[in-house]
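See structure below.
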Amino acid sequence: MEITGKIIVALPEQSGVSKAGNTWKKKEYVLETQETYPKKVHFDLFGDKADKYPLSVGQTVRLSFDIESREYNGRWFTSIRGWQAEPVDDAMAAAPAAAPAYPSAAPGGAAVPPPPAVQPSDPTEDLPF
Numbered sequence: 047m048e049i050t051g052k053i054i055v056a057l058p059e060q061s062g063v064s065k066a067g068n069t070w071k072k073k074e075y076v077l078e079t080q081e082t083y084p085k086k087v088h089f090d091l092f093g094d095k096a097d098k099y100p101l102s103v104g105q106t107v108r109l110s111f112d113i114e115s116r117e118y119n120g121r122w123f124t125s126i127r128g129w130q131a132e133p134v135d136d137a138m139a140a141a142p143a144a145a146p147a148y149p150s151a152a153p154g155g156a157a158v159p160p161p162p163a164v165q166p167s168d169p170t171e172d173l174p175f
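Per my numbering, the very first residue in the sequence shown carries number 47; after that it's consecutive.
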């Protein structure tokens, strides 16, 4: 899954040692979407992803993530685990580029003219057929 938004909170890094003796680290963030009704999304980057994608408050990113739920003592918990975070230009995030109505060039590089305008044969008739 993928979501785009601005980092509004960067929580302190957490680290430790697992029962198996392996070290681990996790960085948590809160991202706010840039929609009509913005949503706040809490996510984490775990292990080597925490160092691979250093994020800062105010940065706009496109986050690829997985959602996982697990049970503990009869209660269910859901987490959003990021696996890729790409910086996004703020101008592109605010207004996505619209595709042109007609392509300006054919695959071979030749220019494609716009479709001809329909001219009614009788000026009093406005039907195109």
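Each residue gets a CB set at the ideal place from its N, CA and C atoms; glycine is no exception.
Residue i, enclosing beta strand (DSSP E) - first and last residue
{"i": "PRO72", "result": "According to the sequence provided, residue 72 is Lys. The question's Pro does not apply to it. 69 to 79 is the span of the beta strand (DSSP E), which, as asked, contains LYS72."}
{"i": "LYS98", "result": "No beta strand (DSSP E) contains LYS98, which is instead part of the alpha helix (DSSP H) from 94 to 98."}
{"i": "ASP135", "result": "No beta strand (DSSP E) contains ASP135, which DSSP labels as neither H nor E."}
{"i": "TYR118", "result": "106 to 118"}
{"i": "VAL55", "result": "48 to 56"}
{"i": "SER102", "result": "Element bounds for SER102: n/a, residue is neither H nor E."}
{"i": "SER61", "result": "60 to 63"}
Through-space distance from residue j to residue i, alpha-carbon basis
{"i": "VAL107", "j": "TYR83", "result": "18 Å"}
{"i": "ILE49", "j": "LEU109", "result": "5 Å"}
{"i": "GLU81", "j": "VAL87", "result": "13 Å"}
{"i": "PRO133", "j": "SER102", "result": "10 Å"}
{"i": "ARG116", "j": "GLY104", "result": "31 Å"}
{"i": "LYS52", "j": "ILE126", "result": "16 Å"}
{"i": "VAL76", "j": "PRO100", "result": "14 Å"}
{"i": "THR69", "j": "LEU57", "result": "19 Å"}
{"i": "SER64", "j": "MET47", "result": "28 Å"}
{"i": "LYS95", "j": "THR79", "result": "21 Å"}
{"i": "ASN119", "j": "LEU91", "result": "25 Å"}
{"i": "ALA131", "j": "ARG121", "result": "30 Å"}
{"i": "PHE111", "j": "GLY67", "result": "27 Å"}
{"i": "ASP135", "j": "LYS85", "result": "20 Å"}
When the options are compared against residue i, the one with the closest alpha-carbon
{"i": "ASP97", "options": "LYS52, GLU59, ILE53", "result": "GLU59"}
{"i": "GLU74", "options": "GLY67, ILE54, PRO133, ARG121", "result": "ILE54"}
{"i": "ILE113", "options": "VAL134, GLY67, LYS71, PHE89", "result": "PHE89"}
{"i": "GLY93", "options": "THR79, TYR118, GLY62", "result": "GLY62"}
{"i": "TRP129", "options": "PHE123, ALA66, LYS72", "result": "LYS72"}
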